[in-house]
Amino acid sequence: MRAAQLSKPRANAWSPSLGGLDKSLGTVLHCLEPLSAHTSLRLGGEADYFVNASSLQQISQSISFARQRTLNWMVLGNGTNILFPDEGYRGLVIHLGRNWGGWQLEAGGRLRCHSGASLGGLLGWLGQRGQHGLDFLVGIPGSVGGAVAMNAGIPQATIGARVESVRALDPQGRLLKLDHDGCRFGYRSSLFRRPGWVVLEVTLRLGEPGERRQGDWDAARLLARRRARQPLRGHSAGCVFKNPTPPQPSAGALLERAGLKAMRIGGASISALHANFILNRGEASSREVRQLIDIARDKVYKEFEVELQLELAVVSN
Ligand SMILES: Cc1cc2nc3c(=O)[nH]c(=O)nc-3n(C[C@H](O)[C@H](O)[C@H](O)COP(=O)(O)OP(=O)(O)OC[C@H]3O[C@@H](n4cnc5c(N)ncnc54)[C@H](O)[C@@H]3O)c2cc1C
Numbered sequence: 310m311r312a313a314q315l316s317k318p319r320a321n322a323w324s325p326s327l328g329g330l331d332k333s334l335g336t337v338l339h340c341l342e343p344l345s346a347h348t349s350l351r352l353g354g355e356a357d358y359f360v361n362a363s364s365l366q367q368i369s370q371s372i373s374f375a376r377q378r379t380l381n382w383m384v385l386g387n388g389t390n391i392l393f394p395d396e397g398y399r400g401l402v403i404h405l406g407r408n409w410g411g412w413q414l415e416a417g418g419r420l421r422c423h424s425g426a427s428l429g430g431l432l433g434w435l436g437q438r439g440q441h442g443l444d445f446l447v448g449i450p451g452s453v454g455g456a457v458a459m460n461a462g463i464p465q466a467t468i469g470a471r472v473e474s475v476r477a478l479d480p481q482g483r484l485l486k487l488d489h490d491g492c493r494f495g496y497r498s499s500l501f502r503r504p505g506w507v508v509l510e511v512t513l514r515l516g517e518p519g520e521r522r523q524g525d526w527d528a529a530r531l532l533a534r535r536r537a538r539q540p541l542r543g544h545s546a547g548c549v550f551k552n553p554t555p556p557q558p559s560a561g562a563l564l565e566r567a568g569l570k571a572m573r574i575g576g577a578s579i580s581a582l583h584a585n586f587i588l589n590r591g592e593a594s595s596r597e598v599r600q601l602i603d604i605a606r607d608k609v610y611k612e613f614e615v616e617l618q619l620e621l622a623v624v625s626n
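The sequence shown lines up with residues 310 to 626 when you count with our numbering.
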C-alpha cells in the first residue's frame, strides 16, 4: 500500500490536493488499494482511497475527508459478503478490521466490542471463558460490525437477537446509541445497511459464563455440519441469495433443482457442493461472478417463478 500524501490517485480524475485533513489521517490513508486483498472472494479492483481505521477520530476524519471532496465512501468489515467491481471503487473505503477490534466482558453477562473485531477470534476467546451465547455464529468469517449490519446467523438464530445496543454514526455524522429495536433487524438486514451508517461499537447480551440458554448451540456440531455442506476451502462470499419466505424451498435447493450446480463461467463457478455459493477458482473476474448471478436468478425465475434476492452486497460505482 502507498501513502496518500505521496501519490495522486488517478490522473485528471479530480483535484488530488491533499490538505490538513490528510496530515491528520497520517499514514493510514492509502491510494489505489487492491480490494481483492480485502475480500474473501479475492475479487475487486482498486479503491481510490482506503483507510484502515483504528480510532473514532480516524473514522470521523475519513468521512470528513470524503465529504469535503464529494467522494463516495463506504465501510468494509472482513469483506466476506461483498463483491466489488473489477474497475474498483471510485471513492474512499473505510476498513474497520482488527485495528478497531477490541472487546471486553462487562457485568451481567454483557459483551462490549468494537465493530472491527473478528467473529472467529471473539468466539474462541468467549469459549475459553465458558460463554456460549454466540456459538451459533461459529464458522461465519465476518467482523462484528459486518455481522450486525447483515444480521448474520443461521436459520434458527441471528446476532440481532443478542444485540442490546449499538453505538453508530448516522448519515449526518452524529454519534448515536441505538437500542435493539432502533437497529431494525430483519432477515439479513438492519438499519446499518443503508448508506451513511457506521456501526462503531456493539453491546451483546450473552448471559453468565456457563449458563446455557435456549437457542445456544453446540459449536462443534455446527462446524461439522458446515464443513460437510459448504465449500469452505474455496474463495467465496458465503450464500449469494437470501432464502425465499417459507414454505418456498431454500435458495440453494431452488438453484440445485434448476440444474445450476457446478455451472461455470470463466474462473467463476457455482459450487458443486452448495448451489448458493459462487466460487472464485483463482482466475475469476467480478464480471463473471455477476454473470453467474444473473443467469441463476433468471433460470430460477423461469422454472419456479421465484425472484431470488441478493444476500451478497454487490457494490457498484
Ligand atoms: C464461507 C462463508 C460462510 C458464511 N456463512 C454465513 C452464514 O452462515 N450466515 C451468515 O449470515 N453469513 C454467512 N457468511 C457471510 C458473511 O460472513 C457474513 O454476512 C458476515 O457477517 C459479513 O461480515 P463482514 O465483516 O465480512 O462484512 P463485509 O463483507 O465487509 O460487509 C458486508 C456489508 O456490511 C457492511 N458493513 C460492514 N461493516 C460495517 C460497519 N462496521 N458498519 C456499517 N456497515 C458495515 C458493508 O458496507 C457491506 O454492505 C459466510 C461467508 C463465507 C465466506
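No residue lacks a Cβ here, since even glycine has one placed at the ideal position from N, Cα and C.
Please read all numbers here as calculations on a predicted model, not as lab measurements.
Query, Result
"Complete runs of the alpha helix (DSSP H) confined to the segment 359-425 [at least 4 residues]", "365-377"
"Beta-carbon gap between LEU509 and ALA477 smaller than 8 angstroms", "yes"
"Sequence-distant residues of its chain with Cβ nearer than 7 angstroms to GLY561 (five each side left out)", "HIS583, ALA584, ASN585"
"Outcome for GLU614 when other beta-carbon atoms lying within 10 angstroms are tallied against a minimum of 16", "exposed"
"Residue of PHE359, SER474, LEU338 minimising C-alpha distance to SER345", "PHE359"
"Span of the alpha helix (DSSP H), counted from its first residue to its last, around HIS604", "Before going further, note that residue 604 is Ile rather than His in the sequence given. Where ILE604 is concerned, the enclosing alpha helix (DSSP H) stretches over 595-613."
"ALA567 and ILE579 closer than 8 angstroms at C-beta", "no"
"Proximity winner among VAL624, VAL623, ASP607, ALA622, relative to GLU616 (alpha-carbon distances)", "ASP607"
"Through-space distance from ALA466 to LEU372, alpha-carbon basis", "Note that residue 372 is Ile in the sequence shown here, rather than Leu. In a straight line, the C-alpha of ILE372 is about 33 angstroms away from that of ALA466."
"Same chain, Cβ closer than 8 angstroms to LEU330, neighbours up to 5 away in sequence not counted", "Only weak support is given to the placement of LEU330: the predicted model assigns it a pLDDT of 47, under 50, and the value that follows is read from those uncertain coordinates. Taken in chain order, the residues that qualify are GLN370, SER373, PHE374, GLN377."
"MET383 CB to nearest heavy atom of ligand 1 below 7 angstroms", "yes"
"Residue-level contact to chain B via CB, GLY568, 8 angstroms cutoff", "In the displayed structure, chain B is absent; only one protein chain is listed."
"Residue span of the beta strand (DSSP E) that contains ARG483, given as start and end", "Counting along the chain, ARG483 falls outside any beta strand (DSSP E), and DSSP gives it neither H nor E."
"Continuous alpha helix (DSSP H) stretch holding GLU342: start and end", "Taken as a continuous stretch (DSSP letters only), GLU342 belongs to no alpha helix (DSSP H), being part of the beta strand (DSSP E) at 338-343."
"Whether TRP412 touches GLY425 by CB criterion (8 angstroms)", "no"
"Counted within 10 angstroms of its Cβ, other Cβ atoms place GLN618 as buried (16 or more) or exposed", "exposed"
"DSSP three-state assignment for GLU616, whether helix, strand or coil", "coil"
"Three-way DSSP call (helix, strand, coil) for LEU330 in this model", "Only weak support is given to the placement of LEU330: the predicted model assigns it a pLDDT of 47, under 50, and the value that follows is read from those uncertain coordinates. LEU330: helix per DSSP, three-state reduction."
"Outcome for ASP444 when other beta-carbon atoms lying within 10 angstroms are tallied against a minimum of 16", "buried"
"Member of GLY335, GLY388, LEU392 whose CA lies at the smallest distance from the CA of GLN366", "GLY335"
"Per DSSP, the bridge partner or partners of HIS544", "ASN589"
"Near ligand 1: ASN387 beta-carbon under 7 angstroms from a heavy atom", "yes"
"Nonlocal neighbours in the same chain, by C-beta distance under 8 angstroms from ASP628, ignoring five residues either side", "Here the chain covers residues 310 to 626 and nothing more, so residue 628 does not appear."
"Heavy atom of ligand 1 within 7 angstroms of SER559 beta-carbon", "no"
"Test item: CB-CB of GLY454 and LEU401 under 8 angstroms", "no"
"Top-ranked residue by Cα proximity to GLY491, from ARG538, ARG514, VAL472", "VAL472"
"For GLN481 and SER364, the rounded distance between their alpha carbons", "19 angstroms"
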